Every structure is written in structure tokens, then in C-alpha cells.
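*Asks:* For reference, the structure I am asking about is given below.
2 protein chains.
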Amino acid sequence: MEVSEDAALTTALRRGTIEYCVLALLDKRELYGVELVQQLSTGLGMTTSEGTMYPLLSRLRRNGRIATTWREAPAGPPRRYYTLTPDGEAALTHFRTEWVAFRSGVDRILGTEIR
Amino acid sequence: MEVSEDAALTTALRRGTIEYCVLALLDKRELYGVELVQQLSTGLGMTTSEGTMYPLLSRLRRNGRIATTWREAPAGPPRRYYTLTPDGEAALTHFRTEWVAFRSGVDRILGTEIR
DNA sequence: GGCGTTGCCTTGCAGTGCAAGGTACCTTGT
DNA sequence: ACAAGGTACCTTGCACTGCAAGGCAACGCC
Chain A
26 MEVSEDAALT
36 TALRRGTIEY
46 CVLALLDKRE
56 LYGVELVQQL
66 STGLGMTTSE
76 GTMYPLLSRL
86 RRNGRIATTW
96 REAPAGPPRR
106 YYTLTPDGEA
116 ALTHFRTEWV
126 AFRSGVDRIL
136 GTEIR
Chain B
26 MEVSEDAALT
36 TALRRGTIEY
46 CVLALLDKRE
56 LYGVELVQQL
66 STGLGMTTSE
76 GTMYPLLSRL
86 RRNGRIATTW
96 REAPAGPPRR
106 YYTLTPDGEA
116 ALTHFRTEWV
126 AFRSGVDRIL
136 GTEIR
């Protein structure tokens, strides 16, 4: 029960942020699907699954925020690598501002500001 | 388009936080529905509506995190005041920890840490 | 009594993260 | 050559939550 509640809690928190975390990761270098899932996990508790990632990537592609190219892998099946489009970069920049404002608001209400 | 996108963006961010922001406000003093909506708006851009608030309050009541008492108002219809239960306080405390961890993770990925 | 205000609540919808399941390609072992 | 396992991609259906829109009841003022 504790565990499932924690899961539900963090799931709710992720809403809307995963999308831009993916953009932020792609801003550093191109990555493929499975790699994105791993980076989010190790990057920090942003643990997620492929069932979340692929629909998300499809959406971002549809919205023109990322572009893809197939590449042969050294071993295993081919990979679809993703990169940011100019639209994606703009969206990311905009979100950073939005996030900082939101974060400050929540911190103020919760009393969790960094001093 | 800009506006609606911003709205969708912040809507997604609110997910899961509004609930605990309400608990945090009630941790300071008892409040009634409309008052909560106002405090969230002025507290900071956490603008929300009654259509969000009342279902949320019902949920919190069902989960035993808040308790209510009807009070006569100086003028106008009676008000339903909400207070935190011990369960509610515990949930709030737990969320603060969770939030700080989540916030740090997102900050690290986005590069929006405070220095 | 009628009208506006305040405060509470419900219905139906939209977006998104996730579990579960499925397909295809490649490598390795026998 | 074939089976088995691993890697990588994708889809379906569900659950949860915030919101717009709308409705109802009590009170005060004219």
C-alpha cells in the first residue's frame, strides 16, 4: 500500500514534465528510445517505461518538436535516433521559464524553498 | 494558441500538486471552498476553478485526509470549513519529501538548479 | 417578492502515464 | 541450419485528475 501510493504520487507528478525532460536530454545529444528510458531512470528517480516513452515520442514527432533517423546498431536491431527541431528547442526554452515559476509557487505554498 | 498551450502546459504541471497545496494551506488555518480557490490563485499562478476544487475536496474527505464543519457566514450562505486530519498531516509531510526529490531531479535534467 | 451574490456541487470530457501484450531483427549456442 | 534469447520498436485499453459548463440553495438588498 505504501509502495503503490508512492507510485501513484510520483506518477501524478511526472505529468507534463516527462515530455520536457525528454526534450532536455535530446538537447545534449541524440538518443534512441530505450536509451531515453535508461537516462531518465538513472538521471534520477524519473523511472518510466517504454509504454510511456513511445507514445510520447510519437506525439512529439507529430507536433514537430523532434525529428528521427534510423541508424544501424553495432549489434542488435536498428535504432531510431531522435533529435530536437528548432520548434523543440523553443518549446524547451519556454518550458524552463514556466517550470521555474511553477516550482517557486509550489515551494512557497509547501514551505520547501531552498534557503 | 500561445495562451491555450500555456494553459495546457500548466494544467499538466498542476497534476498531483494541487491536492497537496490544498493540504498545505489547510495546515495553516481552516478554510472553505471558495477561499481555497482564491488563496491558490493569489498564492501564486496556481489559478484553478471550483470545478476542480470540489471534486478534489470530496476525494480528500473520502480518503480521510481532511474533515469538515459547517459554519454560519456573517453574510450569505453557510460555509463548509475544512481542516487537516492526522492522516492529512502525515500525507503532507510525506509529500514534501517526495516533492523536493522530484523537483531536484527535474532541475538537474533541465539545468534549472538554483545556485 | 424579485434579483444579484455567494457558496456548494455534479456531469461529461480531454490529456497522459502505465501495464500488458505483440512484432521484428539480430546474435549466439548447438 | 535452427532454436533460443536479447534488443528495440510499437499498440491497446485503462485509470486518474483537472476543467468547462451548468445547476441549486441560502442570504441580503431593493
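So the sequence lines, in the order shown, correspond to chains A and B.
With positions in the first sequence counted from 1, the corresponding number in the working numbering is that position plus 25.
With positions in the second sequence counted from 1, the corresponding number in the working numbering is that position plus 25.
Yeah, the Cβ is synthetic: ideal placement off N, Cα and C, and Gly gets one too.
This one's a predicted model, so the numbers in the text were calculated from it and none came from an experiment.
Apart from the five residues on each side of it in sequence, which residues of its chain come closer than 8 Å, Cβ to Cβ, to B/R39?
*Replies:* Cβ neighbours of B/R39 beyond the five flanking positions: M71 and T73.
*Asks:* Within the 8 Å Cβ cut-off, does A/I134 reach chain B?
*Replies:* For A/I134, the answer is yes, since a Cβ of chain B falls inside 8 Å of its Cβ.
*Asks:* Using only alpha-carbon positions, find the residue among A/P103, A/C46 and A/E75 that is nearest to B/T137.
*Replies:* Checking every option, the nearest Cα to that of B/T137 belongs to A/C46.
*Asks:* With a cut-off of 8 Å, does the C-beta of B/L50 fall near any C-beta of chain A?
*Replies:* True, the Cβ-Cβ gap to chain A drops below 8 Å.
*Asks:* I need the boundaries of the alpha helix (DSSP H) containing B/A115, first residue and last residue.
*Replies:* It spans P111 to L135 - the alpha helix (DSSP H) in which B/A115 sits, taken as one unbroken run.
*Asks:* Measuring only the C-alpha atoms, how far is A/E55 from A/L109?
*Replies:* Each residue's Cα considered, the two are about 8 Å apart.
*Asks:* Using the DSSP secondary-structure output, state which residues sit across from A/Y107 in a beta bridge.
*Replies:* DSSP output for A/Y107 lists A/L56 and A/T93 as bridge partner(s).
*Asks:* Of all the CB atoms in chain A, is at least one closer than 8 Å to the CB of B/I91?
*Replies:* Not closer than 8 Å to any Cβ of chain A, the Cβ of B/I91 fails to qualify, so no.
*Asks:* Would a C-beta distance cut-off of 8 Å place A/T93 and A/Y107 closer than the cut-off?
*Replies:* Yes, the Cβ-Cβ distance between A/T93 and A/Y107 is below 8 Å.
*Asks:* Which of the three DSSP states is assigned to A/R39 in this structure?
*Replies:* Correct three-state label for A/R39: helix.
*Asks:* CA-CA distance, B/G113 and A/R96?
*Replies:* Going from the Cα of B/G113 to the Cα of A/R96 covers about 51 Å.
*Asks:* At a cut-off of 7 Å, is B/E114 close to the ligand GDP when judged by its beta-carbon and the heavy atoms of the ligand?
*Replies:* The ligand GDP is not among the ligands present in this structure, which contains no ligands whatsoever.
*Asks:* Within its chain, find whatever has a CB closer than 6 Å to the CB of B/L48; leave out the 5 residues flanking it on each side and keep chain order.
*Replies:* G113 and L117, listed in sequence order.
*Asks:* At the 8 Å Cβ level, is B/E123 part of the contact set with chain A, yes or no?
*Replies:* At least one chain A Cβ lies under 8 Å of B/E123.
*Asks:* So which residues on chain A does B/A126 lean against when the C-beta distance must stay under 7 Å?
*Replies:* Correct list: G70.
*Asks:* At the level of alpha carbons, what is the spacing between B/E75 and A/R104?
*Replies:* For B/E75 and A/R104, the distance between alpha carbons rounds to 47 Å.
*Asks:* What are the boundary residues of the alpha helix (DSSP H) that includes B/S83?
*Replies:* E75 to R87 is the span of the alpha helix (DSSP H), which, as asked, contains B/S83.
*Asks:* Leaving aside the five residues before and after A/R5 along the sequence, list all residues of the same chain whose C-beta is less than 8 Å from its C-beta, in chain order.
*Replies:* This structure cannot settle anything about residue 5 of chain A, because the visible part of chain A is limited to 26 through 140.
*Asks:* With a 10 Å radius around its C-beta and 16 neighbouring C-beta atoms as the bar for buried, classify A/R160 as buried or exposed.
*Replies:* A query on residue 160 of chain A cannot be resolved here, the shown segment of chain A reaching from 26 to 140 and no further.
*Asks:* Any Cβ of chain B within less than 8 Å of the Cβ of A/T181?
*Replies:* What the structure shows of chain A is the stretch from 26 to 140, and residue 181 of chain A is not part of that stretch, so it cannot be assessed.
*Asks:* Would you kindly check if the distance between the Cβ of B/R128 and the Cβ of A/R128 is under 8 Å?
*Replies:* Cβ atoms of A/R128 and B/R128: closer than 8 Å.
*Asks:* Look up B/E138 in the DSSP assignment and say whether it is helix, strand or coil.
*Replies:* Three-state DSSP puts B/E138 in coil, outside helix and strand.
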